[in-house]
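Asks:
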Amino acid sequence: MDFDTAASHCPPTAARKQAANVDAFLSKPGIARANIAASTAAPDGSPESVVKYKDYTVLQQHVLFWDRDADGLISPWDTYIGFRDLGFNVLFSLLAMLIVNVNFSYPTRLAVSWWPDPLFRVYVGGIHKAKHGSDSGTYDKEGRFVPQMFEDMFSKWDVHNSGSLSAGELWRMIKGHRLAADPFGWGAAIFEFGTTWLLLQKNGRVSKEDLRQTYDGTIFWKIKEARESGKGWNKGFGLRDLIAIGQRKSKSHVM
1 MDFDTAASHC PPTAARKQAA NVDAFLSKPG IARANIAAST AAPDGSPESV VKYKDYTVLQ
61 QHVLFWDRDA DGLISPWDTY IGFRDLGFNV LFSLLAMLIV NVNFSYPTRL AVSWWPDPLF
121 RVYVGGIHKA KHGSDSGTYD KEGRFVPQMF EDMFSKWDVH NSGSLSAGEL WRMIKGHRLA
181 ADPFGWGAAI FEFGTTWLLL QKNGRVSKED LRQTYDGTIF WKIKEARESG KGWNKGFGLR
241 DLIAIGQRKS KSHVM
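Going by full-length UniProt numbering, the sequence shown opens with residue 1, and the numbers climb by one from there.
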């Protein structure tokens, strides 16, 4: 490269290294993909999304799991049922319903009307208007997917180059993305990435491919299918993990 990517008077530019070789795997990685969540490991995105949801942006694909009747509207009940299908308990699903529909109904409603939706429904067609600050920038302002920004998440925050992110690395990423005077964006990022870790972690880490499939929503359908098939979903953090932690602590105290 014939230019610098770090400046000595701004230490974060040296500590948070960009993914500089993405163009070796993807053509024009800085150009947002409308309907493909492309990465260096999956340059063509998720085949099922490309075929079934090619007329939707990647951000729209992310939320279609909750629009089961395909009417373009996600009611509070739809949100609750979707989180339950992912394996979250009643209390968490109710909390998610409140957070999602109370906060994102009106922004998405603005795509069709200035008047709030009295039923607090989220509008899939206007979901790009619900994009908040202090995020990774992987979705652009129209809901397209920017491969360079996705790859930068791992080059900057995956300190061991493991192809995954721990809870601690996700937390440092959230803090690193914080913008001034943006408490809503901070809270939204904590909820989104915190929920992602609870849903997808294995051995304490979220893999790059699982996170990519979270962006285009394909991972949600896979979790639902695994749970309904009887095989169950073998990732995530739940009651069994809390019990295991408690047992380890008990043993350590005994010793």
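Glycine included, C-beta positions come from ideal geometry on N, C-alpha and C.
Is the separation between the beta-carbon of residue 141 and that of residue 107 shorter than 7 angstroms?
Replies: Cβ atoms of residue 141 and residue 107: not closer than 7 angstroms.
Asks: Would you give the residue range spanned by the beta strand (DSSP E) that residue 166 belongs to?
Replies: Element bounds for residue 166: 164-166.
Asks: Grouping DSSP H, G and I as helix and E and B as strand, with all else coil, what is residue 256?
Replies: This structure cannot speak to residue 256, because the chain is shown only from 1 to 255.
Asks: If you run the structure through DSSP and keep just helix, strand and coil, what is residue 145?
Replies: DSSP places residue 145 in strand when its eight states are reduced to three.
Asks: Using a threshold of 7 angstroms, state whether the C-beta atoms of residue 144 and residue 41 are closer than that.
Replies: Contact: no.
Asks: Report back the beta-carbon spacing between residue 138 and residue 150 to the nearest angstrom; my notes put them in contact at under 8 angstroms.
Replies: Contact flag correct, Cβ pair sits at about 5 angstroms.
Asks: Let me check understanding here. Comparing Cα to Cα, which of 17, 63, 26 lies closest to residue 215?
Replies: Among 17, 63, 26, the Cα nearest to that of residue 215 belongs to 63.
Asks: Using DSSP with H/G/I as helix, E/B as strand and the rest coil, what is residue 73?
Replies: Three-state DSSP puts residue 73 in a strand.
Asks: Please state whether DSSP places residue 7 in a helix, a strand or coil.
Replies: If DSSP states are grouped into helix, strand and coil, residue 7 belongs with the strands.
Asks: Taking just the CA atoms, how far does residue 189 sit from residue 219?
Replies: Approximately 19 angstroms, taken between the alpha carbons.
Asks: To the nearest angstrom, how far is it from the Cα of residue 174 to the Cα of residue 12?
Replies: Those two C-alpha atoms are separated by around 14 angstroms.
Asks: Does the stretch 58-72 come into contact with the stretch 158-168, if we say contact requires no fewer than three beta-carbon pairs (one atom in each stretch) closer than 8 angstroms?
Replies: No contact exists between the stretch 58-72 and the stretch 158-168.
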